[in-house]
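A.B. asks:
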Amino acid sequence: MAKIGYARVSTQDQSLDGQIDTLEEYGCEHIFSEKASGCKTKRTELDKCLDYLREGDVLVIYKLDRLGRTTKQLIELSQWLDENNIDLHIIDMNVSTKDAMGKMFFTMMSAFAELEANLLSERTKPFSFNI
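The sequence shown begins at 315 in our numbering and counts up one residue at a time.
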């Protein structure tokens, strides 16, 4: 069982250092990292990470929103991991998808991650009186 880390920040101005340090402290043997929007469905380093993972491995992320922003994205990824017997550990929530409770919590938090992304989008759009 290898621990494989994935770190992502949304912009070139942000630093990956904190996530990478945390993943190293968690014992990750290999870490994939990139600077790309979570809204993008095509992320090169995430794709490489998923190709690298093997049955019995653990994918480790710092926060759930590092993997994706929509419930659909996250659930599809969770299903793929499950089908390939790969566990997911989310450090900041202390969650593992190894058991039923962890999977249920992951599903709920996926919906909240999408809600948070939508609220952020609404807050940053110019105000309009069009109703």
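Just so it is clear, CB atoms sit at the ideal spot from N, CA and C, and this is done for glycine as well.
1. Measure the alpha-carbon distance for Val374 versus Glu359 and round it to whole angstroms.
2. Pull the bridge partners of Ala321 from the DSSP assignment, please.
3. Cα separation between Gly319 and Leu429?
4. With C-beta atoms as the reference, is Val323 less than 8 Å away from Lys362?
5. State buried or exposed for Gly370, treating a residue as buried only when at least 16 other CB atoms are found within 10 Å of its CB.
C.D. replies: This is what the structure holds:
1. By 1-based counting over the sequence shown, the position of residue 374 is 60. By 1-based counting over the sequence shown, the position of residue 359 is 45. Answer to the nearest angstrom: the Cα atoms are 14 Å apart.
2. Counting from 1 along the sequence shown, the entry for residue 321 is found at position 7. Per DSSP, Ser347.
3. Locating residue 319 in the sequence shown gives position 5, where the first residue counts as 1. Locating residue 429 in the sequence shown gives position 115, where the first residue counts as 1. So the alpha carbons of these two residues sit roughly 25 Å apart.
4. What you label residue 323 is simply residue 9 of the sequence shown in a count that begins at 1. What you label residue 362 is simply residue 48 of the sequence shown in a count that begins at 1. In terms of Cβ geometry, Val323 and Lys362 do not form a close pair [threshold 8 Å].
5. Numbered from its first residue, the sequence shown carries residue 370 at position 56. Looking at its Cβ environment, which holds fewer than 16 other Cβ atoms inside 10 Å, Gly370 is exposed.
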